[in-house]
Each structure stands twice: as C-alpha cells, then as structure tokens.
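Colleague: Quick one: the structure is below, questions incoming.
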Amino acid sequence: MEEELGNLRKVWIYALISISYCYFISSRISKGVFRLISIIPVCILFLVLPLFLSSFHFIGSSTLFLSWLANFNLLLFAFDQGPLCPLPSNLCRFFCFACFPIKVRQDPSQNAIPSRYCNNEPMPKWVLAVKVLVFGLVLHIYEYKDVLPWFVVLALYCLHIYLEVELVLVFVGAVVSTFLGCDIEPVFNEPYLATSLQDFWSRRWNLMVSAVLRSAVHIPVQRFFTRLFSPNTAVLVGVMASFLVSGLMHELIYFYAIRLPPTWEVTCFFMLHGVATTTEIAVKRKIRWRPPYRVVSGLAVMAFVSVTGVWLFLPQLLRNNVHERATSECLLVIEFVKRKLFISSS
1 MEEELGNLRK VWIYALISIS YCYFISSRIS KGVFRLISII PVCILFLVLP LFLSSFHFIG
61 SSTLFLSWLA NFNLLLFAFD QGPLCPLPSN LCRFFCFACF PIKVRQDPSQ NAIPSRYCNN
121 EPMPKWVLAV KVLVFGLVLH IYEYKDVLPW FVVLALYCLH IYLEVELVLV FVGAVVSTFL
181 GCDIEPVFNE PYLATSLQDF WSRRWNLMVS AVLRSAVHIP VQRFFTRLFS PNTAVLVGVM
241 ASFLVSGLMH ELIYFYAIRL PPTWEVTCFF MLHGVATTTE IAVKRKIRWR PPYRVVSGLA
301 VMAFVSVTGV WLFLPQLLRN NVHERATSEC LLVIEFVKRK LFISSS
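In terms of the UniProt record's numbering, the sequence shown has 185 at position 185, counting the first letter as 1, and numbering is strictly consecutive.
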C-alpha cells in the first residue's frame with residue numbers, strides 16, 4: 001500500500017509539473033496549432049501516467065482526471081475554449097479547473113434564462129448522509145452475496161457503481177472547493193429522478209464530464225455536419241459522437257484497470273444509449289411527444305439503464321474480478337479510517 005501511495009504521489013507530481021508548463025509556457029503561445037503542438041506532449045504523458053498505478057480506485061480517478069478531463073480541457077485551451085479560458089488568475093485555479101470535474105457556482109440572480117432542468121444548489125447534507133449510509137450497507141451486504149439471488153447481487157453492483165462514483169466526486173469537489181475558497185456546482189443531479197434518457201445523460205449524470213464532452217466533441221461535430229445536413233440532423237450526429245467518445249474513454253479506463261485488450265462491450269453500451277437517446281430526441285421533435293406520467297417514464301429509464309448496464313457495462317469488470325478489488329479497497333479504506341479514529345480517541 002505504501003508503494004502504491006508513493007506511485008500516486010509521483011503521478012500527481014508529474015501532473016502538477018506538466019500543468020505548470022501549460023500555465024506558464026503554453027499560455028504565452030498564440031491560440032491555435034502552435035499552442036496545440038506545445039500541449040500534445042502533456043496529453044501523451046497524461047495517457048501514460050495511469051499505467052504506473054495498480055489500485056483500481058487510483059487508476060479510475062487518475063484516468064478520469066488526467067487522461068480524460070485534463071486532456072480534453074487542455075485541447076480546448078489550445079483554441080481558447082473551455083473552462084481554462086479566460087486564463088485563471090493563478091496556477092492553483094488553473095490546475096484545479098484543468099484536472100477536476102468542477103465549475104464555480106454562479107449566482108442564480110445572474111442567470112438570464114432560468115431553466116427548470118438546472119439545479120446548481122449543493123446536495124443537502126441529509127441526502128449525502130443517506131447515500132453514505134446506503135453505500136456502507138451495500139458493502140456490508142456483499143458479505144452475504146453467496147446466498148443472495150443473482151439479480152439482487154447485480155442490482156447491488158449497479159447501485160455500488162453509482163454511489164461510489166458520486167461520493168468520490170463529491171469528496172473531491174468538497175476538497176477543491178475548500179482549497180480554492182469558492183462554491184462549485186454539483187456533479188450529479190439525482191440521476192434516479194430522470195424522466196428520459198436525454199434528461200439522464202445531459203442534465204443529471206456526471207454533469208461536468210457531460211459539459212466537457214459538449215464543448216470538445218458535440219459542438220465541433222455539430223458545427224461541421226451543419227454544412228452537410230440540416231441543423232436538427234447535425235445535432236443528432238453530435239450526440240452520437242459524444243456517446244462514442246465517452247465509450248472509448250471508458251474502454252481506456254477498463255484497459256488501465258484490467259490490462260487486457262478491449263472487448264468493446266462498454267463502447268457498445270454507450271453507442272446503444274446514443275442510438276436510444278437520439279431516437280428519443282427525434283421522436284420528441286417529430287410528434288412533440290412527452291411522457292404522460294413521470295413515474296412511469298422514470299421507471300422505464302432506470303430499467304433501461306440497469307438492464308443494458310448489466311448486459312454490456314458490467315461483464316468486463318465481473319469477468320476480471322474488478323468488483324472484488326474495488327470492494328476490498330473500500331473495506332481497506334474504512335478499516336484504515338476506523339483504526340486512525342480509534343488511535344486518536346485513545
């Protein structure tokens with residue numbers, strides 16, 4: 001464990017040095033091709049760094065923060081786009097905005113057009129407490145998984161993934177928010193309340209990653225295909241491109257965690273959701289259809305996400321015992337915290 005923590009420190013020291021180079025050197029180069037050329041070596045390094053880690057949680061978080069978010073934000077920065085433009089006032093803010101899924105929370109009074117879909121209020125503490133409690137309960141129930149029906153165990157895996165991803169990102173956001181001294185927007189917006197796939201993916205699930213994909217993939221692809229197709233068709237192509245890139249980035253995370261050639265199942269998961277989401281958008285536009293009952297549509301969305309997740313998203317993790325590694329690491333962290341609290345109290 002000490003060796004792995006040492007590797008993690010090295011990875012993030014290299015990341016800090018690389019981001020410092022982008023802040024002090026690349027930012028002085030005119031936007032466009034030349035700034036892009038100066039940034040490409042950093043992007044390549046960020047694709048390599050997770051290979052020095054073996055812990056599933058360290059691999060997953062470092063790949064998300066460096067190989068995905070930082071690389072996409074730096075590519076946008078090369079053309080004066082994204083959260084790094086205008087240039088943040090200091091290196092700390094530049095580093096945090098580049099690597100972490102955060103966005104400074106705006107004063108609601110400054111929003112010109114309020115939206116019923118937007119919720120930039122922080123998660124209530126009691127909701128967070130319930131999610132932490134449920135996550136701990138899931139870890140405890142795993143001890144009895146051998147006597148549980150298979151579909152219950154699969155449901156627990158789906159719940160585990162959602163809760164762990166959200167809780168980790170909430171924790172990272174809280175640390176960064178405290179460090180920078182600013183309020184940030186929530187990363188999740190209660191995805192289990194989604195009433196459509198479009199609502200789930202664009203307004204509720206991992207909002208900061210969705211924002212990066214929108215800026216780096218969806219908008220450029222949409223603009224390009226507007227020259228070839230109608231604006232409505234170009235939007236759908238942009239949506240499909242975003243799902244494709246998301247699938248490929250998840251394949252990268254799986255590759256780093258498993259160290260085996262990709263099976264492309266997780267890419268198929270995102271492409272399937274891309275097809276379903278674009279179909280939903282097209283139908284809504286064509287016949288102006290809206291779901292009659294939010295409860296029914298919400299259950300249908302959760303059922304579709306869960307079934308396709310068990311079919312295409314989970315198999316690689318289950319075949320290679322990644323779920324066992326993740327659970328063991330969570331229990332190890334809990335035991336470590338309990339031991340530290342016991343020592344401090346005594």
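All C-beta atoms in this analysis are idealised placements derived from N, C-alpha and C, irrespective of residue type, glycine included.
Which residues bound the alpha helix (DSSP H) around P315?
Modeller: P315 to R319
Colleague: Please report the residue range of the alpha helix (DSSP H) in which K131 lies.
Modeller: Counting along the chain, the alpha helix (DSSP H) containing K131 begins and ends at K125 to I141.
Colleague: Leaving out five residues on either side along the sequence, give the residues of the same chain with a beta carbon under 8 Å from the beta carbon of L312.
Modeller: The residues are E265, V266, C268, F269 and L272.
Colleague: Quick one: grab the DSSP three-state call for V333.
Modeller: In the structure shown, V333 falls within a helical segment according to DSSP collapsed to helix, strand and coil.
Colleague: I'd like the span of the alpha helix (DSSP H) that includes C287, first residue to last.
Modeller: The question names Cys, yet the displayed sequence has Ile at residue 287. Element bounds for I287: E265 to I287.
Colleague: Check this for me: beta carbons of A194 and V301, under 8 Å apart or not?
Modeller: A contact, by the Cβ cut-off of 8 Å.
Colleague: Using the Cβ count rule (16 or more neighbours within 10 Å means buried), how would you classify Y157?
Modeller: buried
Colleague: Report the three-state DSSP secondary structure of I59 (helix, strand or coil).
Modeller: The answer is helix: DSSP assigns I59 an H, G or I state.
Colleague: Taking just the CA atoms, how far does W12 sit from A98?
Modeller: Those two C-alpha atoms are separated by around 13 Å.
Colleague: How would you call L16, buried or exposed, if buried means at least 16 neighbouring beta carbons within 10 angstroms?
Modeller: exposed
Colleague: Can you look up V187 in the DSSP assignment and give me helix, strand or coil?
Modeller: coil
Colleague: Counting along the chain, where does the alpha helix (DSSP H) carrying H218 start and finish?
Modeller: No alpha helix (DSSP H) holds H218; DSSP gives it neither H nor E.
Colleague: Let's see if you can read the secondary structure: which residues bound the alpha helix (DSSP H) around A155?
Modeller: W150 to L180
Colleague: For my contact list, F46 and L66 are in at a C-beta cut-off of 8 Å; report their separation, rounded to the angstrom.
Modeller: That pair is a contact at about 4 Å.
Colleague: Name, in chain order, the residues that DSSP records as bridge partners for V104.
Modeller: I184
Colleague: If S55 and E329 are in contact, beta carbons under 8 Å, what's the gap, nearest whole angstrom?
Modeller: 6 Å
Colleague: Please report the straight-line C-alpha distance between L228 and H250, rounded to a whole angstrom.
Modeller: 30 Å
Colleague: Look up P86 in the DSSP assignment and say whether it is helix, strand or coil.
Modeller: coil
Colleague: By how many angstroms is the C-alpha of Y162 removed from the C-alpha of E190?
Modeller: The alpha-carbon atoms of E190 and Y162 are separated by roughly 10 Å.
Colleague: Identify the continuous alpha helix (DSSP H) that holds I258 and give its terminal residues.
Modeller: P231 to I258
Colleague: Given a cut-off of 8 Å on the beta-carbon distance, is the pair M123 and V170 in contact?
Modeller: Their beta carbons are under 8 Å apart, which means M123 touches V170 by this criterion.
Colleague: List the endpoints of the continuous alpha helix (DSSP H) containing I37.
Modeller: V33 to V48
Colleague: Identify whether W311 lies in helix, strand or coil by the three-state DSSP scheme.
Modeller: helix
Colleague: Going by C-alpha to C-alpha distance, which of R93, F151, I258 and L133 sits closest to S306?
Modeller: F151
Colleague: Would you say P83 touches the ligand ATP, meaning its beta carbon is less than 7 Å from a heavy atom?
Modeller: Inclusion of the ligand ATP in the displayed structure is not the case, the ligand content being empty and no account of it being possible.
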